[in-house]
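Here the protein sequences line up with chains A and B, keeping their order.
Going by the numbering used here, the first residue of the first sequence is number 9, and it counts up by one from there.
Going by the numbering used here, the first residue of the second sequence is number 3, and it counts up by one from there.
For each residue, glycine too, the CB sits at the ideal point set by N, CA and C.
These numbers come from a predicted model, not from an experiment.
Structure, as structure tokens:
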Amino acid sequence: MSTTTPTSTPPAPMPPASTPLWQQALAYRPPRRYVPVLATLLLLLVMYTIGVSQYRAFSDVQVIFNVFIDNGFLLIVAVGMTFVILTGGIDLSVGSVVAMTTMIASAMLQDGAYPAWFVLIVCLTVGPTLGFLMGCVIHYFHIQPFIVTLAGLFFARGVCTWIDTSSIPITDPFWTSMAQQRIRFSGNFVSISVIIAFVLVAIAMYVLAYTRIGRNTYAVGGNEQSALLMGLPVGRTKIAVYTISGFCSALGGIVLSFYTGSGNPLIAIGMELDAIAAVVIGGTLLTGGSGYVLGTVFGVLVLGIIQTLITFDGRLSSWWTKMVIGALLFAFILLQRLLSLRKT
Amino acid sequence: MSDIRGALQRVSRHNLFWPALALVLLVVANVIYRPGFVKIEMLQGHLYGSLVDILRQSAPLIIIALGMTLVIATGGIDLSVGSVVAIGGAVAVSYVSGLDDQNSVGGVLVACLLAAAVGAAFGLWNGILVAGIGIAPIIATLILMVAGRGIAQLITEGQIITINSAPYKLLGAGFWLTLPFALFIAAALILLTALLTRRTALGMFVESVGGNAEASRLAGIRSRRFILLVYVFSGFCAGTAGLLATSDVSAADGNQAGLYWELDAILAVVIGGTSLAGGRFSLGGTVLGAIFIKTLTTTVYSMGINPQQALLFKALVVILVCLIQSPQFRETVAGSWRRRRRRPEPPAAPAEHPKVEVPA
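Structural data, given as structure tokens:
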């Protein structure tokens, strides 16, 4: 390329074209806001490579699809959590709301008491309503999100056992058809849940990047005071993100009830931690204002692949999962800290 | 008339007023429902009764909440205490189970020291993350909250270890001088904490760090050192509580021991009137808050409600207590009440407004 330039032009002190391509590639620095997401992607690739090199069956594409099938509901919940964490808040109630949704669905479907569409509408209303109420309490009465959503956690879990203390099987034809439906891609398959999760991820990415509410979410998380002074609707945004998280939890609950075919009052205990871990490993700043839904997708994949690796290994016990997740959390939080130190 | 009102106002402004009122109301409700609630009797040289039982069960929560109070006073939070409870219990029980003579007092004492030391060590880890590296407390302690359960299960090798040790059993379930032994441990720790924070400058330093860490550093207080210290103390408390929790059932369960205790401890602190924003704390309030939570749990059980459904009541009470403590909420309620009373006489006196704004 540089050979075609006329000789008359004064030579630049360091013409970029004269450096070899590999040096240019090495010198490339991604924008800092993408670094955490890229780090997660790198980790994902490394883990996958380790898996493929260690276990022959790991290279099967279905392994990846199974990770999505097994963690579809976690992905859905984590997307909602991403919104909340982007505003600098936290939602501890998600696991309980998931369980509450499975219980409401299974109780209403018992003996065909209500048609499936009606149950879906009720389920998708209850979750966001609880989220909306929690958002209102957080905004209007200035109580920490931590405490309010903690009360939400207790409340939803209490509702679960109030409905029934044991698990209820779902025999509704719509539910079973959704559970058994396989969408095939050349010999491999995913479930409906995965499609729902991906549609949600796409919508969430669009909303965060291109709509007013999405930009407000980032602004409130970046600096609430500034956002308020700029005239942004801080209160409405904060209430909205908790409503969104409630909706995602409800949707996650429905998907989980497809997956398990029952409502269980004790399911998804501690799921809020998995969701928060996925969001943080996905590079979203827990203090708010920075992060991407795509990172959350990677975060969920990382958690899923850890579980798959430990299952493939067979020697390691399940508690190693928690320790590895803890170690990864530490690594990513340290990375975030280093990045924010460099910025200031 | 105005004297009474003034006195009432003074009392209601005392920081222990709201938690104490909530506790008294709860006890009164219990007595109405079940008059035998306050009865305490002597049986085989021990005091027996619901109240004694509640106090015994509150002991581990009080101990954790003490550490949590100081952490929250510095503007932090410690989510890992539940996991550290499990780890401390697991360490102590697995040590005792490995002894030749499980009933040896010396061995049990070593186990106690081990649990407290391990707890403090994990607290140190949290402290280094928060004070040394500068990670936000809620995030830093989240790591140990997730990983700690794994560590506890690693120590117990995924099993529930059971032991048969009389001196160990004494810690959480035994009696001494007619009272539950756990109460003496809790009382000793309360006394120690109160002496250290209120009779020395330590408490003031902790509060000043919570008020503004940077300003206190400029004022010559080693902020980081105090932050480190409170996390170590919180870990120590959690490890000690792990002893009581496992002693009560003579078994260590890495999965269930101390599950959701961090939430109970934080609630106890908040109900006790310590602001989550940091800057001041009330040890008395925390103790009252912890007893309140355990009384509530016992109340719900004694009414024959399923333990799981008790969560529903807990949620409602938590929200109620937090709302009452929120100045904005009191303002709203008081404002609408005043407006209704004032409707006949239109001119409102704005001068009275600030008086209602009682800090939580």
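- From the listed residues B:A24, B:L18 and B:L111, the smallest Cα separation to V323 (chain B) is found for B:A24.
- Only exposed fits K41 (chain B), as fewer than 16 other CB atoms lie within 10 angstroms of its CB.
- Residues are counted here when their Cβ sits less than 8 Å from a Cβ of chain A; for the segment 300 to 313 of chain B these are N308, Q310, Q311, A312 and L313, given in chain order.
- Restricting attention to A:G278, A:G303, A:A286 and A:L342, the CA atom closest to the CA of S85 (chain B) is found in A:G278.
- Around the beta carbon of N257 (chain B), a 10 Å sphere encloses fewer than 16 other beta carbons of the protein chains shown; the residue is thus reported as exposed.
- Between V198 (chain A) and I84 (chain A), the C-beta gap is not smaller than 8 Å, which leaves the two residues out of contact.
- Residue range A168 to A175 is occupied by the alpha helix (DSSP H) that includes A175 (chain B).
- Residue range N196 to S199 is occupied by the beta strand (DSSP E) that includes N196 (chain A).
- Counting C-beta atoms within 10 angstroms of its own C-beta, Y218 (chain A) has fewer than 16 neighbours from the protein chains shown and is therefore classed as exposed.
- Here L294 (chain A) is near I93 (chain A), since their CB atoms are less than 8 Å apart.
- Taking 8 Å as the threshold, the shortest C-beta distance from G312 (chain A) to chain B does not fall below it.
- Taking all protein chains shown into account, R151 (chain B) has 16 or more neighbouring C-beta atoms within 10 Å of its C-beta and is therefore buried.
- Across the set B:G281, B:A270 and B:I56, the C-alpha of B:I56 shows the shortest separation from the C-alpha of S304 (chain B).
- Of all residues in the segment 155 to 167 of chain B, only Q155, L156, E159 and G160 come within less than 9 Å of chain A when Cβ atoms are compared, listed by chain position.
- DSSP places R190 (chain A) in the strand class (E or B) of the three-state scheme.
- Within the segment 262 to 349 of chain A, the complete alpha helix (DSSP H) runs of at least 4 residues fall at 279 to 289 and 301 to 321.
- With a cutoff of 8 Å on beta-carbon distance, A115 (chain A) and D172 (chain A) are scored as near each other.
- Taking a cut-off of 8 Å on C-beta distances, the segment 108 to 119 of chain B does not touch the segment 245 to 262 of chain A, as fewer than three cross pairs fall below it.
- Rounded to the nearest whole angstrom, the C-alpha separation of L82 (chain A) and A203 (chain B) is 48 Å.
- Secondary structure at L237 (chain A): helix, using DSSP grouped into helix, strand and coil.
- Residues of the segment 164 to 181 of chain A with a C-beta less than 9 Å from any C-beta of chain B: A164, R165, G166, V167, C168, T169, W170 and T173, listed in chain order.
- About 23 Å separates the Cβ atoms of W263 (chain B) and I130 (chain B), ruling out a contact at the 8 Å cut-off.
- Residues of chain B whose Cβ lies closer than 8 Å to the Cβ of G334 (chain A) are, in chain order, I145, L146, V148, A149, G150 and G152.
- By the criterion of a C-beta distance shorter than 8 Å, I192 (chain B) is surrounded in its chain by I64, L68, L285 and V289, once the five residues flanking it on both sides are discounted.
- Taking C-beta separations shorter than 7 Å and ignoring five residues to either side along the sequence, the partners of S253 (chain A) in its chain run G88, M89, F91, V92, D99, V102 and G139, following chain order.
- Between V120 (chain B) and C239 (chain B), the alpha-carbon positions lie close to 11 Å from each other.
- Taking G143 (chain A) as the centre and dropping the five residues before and after it, the same chain places the C-beta of K246, I247, A248, V249, Y250 and T251 closer than 8 Å to its C-beta, in chain order.
- Taking a cut-off of 8 Å for Cβ pairs, the segment 216 to 233 of chain B and the segment 94 to 112 of chain B do not touch, as fewer than three such pairs fall below it.
- T173 (chain A) carries a coil assignment under DSSP once its states are collapsed to helix, strand and coil.
- The beta carbon of F73 (chain A) lies closer than 6 Å to those of N196 and V198 in the same chain, with the five residues before and after it left out.
- Judged by DSSP in its simplified three-state form, I153 (chain B) adopts helix.
- For the C-beta of F331 (chain B), the chain A residues within less than 7 Å are, from N- to C-terminus, F149.
- For E43 (chain B), there is no enclosing alpha helix (DSSP H); the residue is part of the beta strand (DSSP E) that begins and ends at E43 to L45.
- If only complete runs of 4 or more residues are kept, the segment 250 to 301 of chain B shows the alpha helix (DSSP H) at 263 to 273, in order along the chain.
- Sequence-distant partners of V75 (chain A) (beyond 5 residues in either direction) whose C-beta falls short of 7 Å from its own C-beta, in its chain, are L309, G312, I313 and T316.
- Boundaries of the beta strand (DSSP E) around I162 (chain B): I162 to T164.
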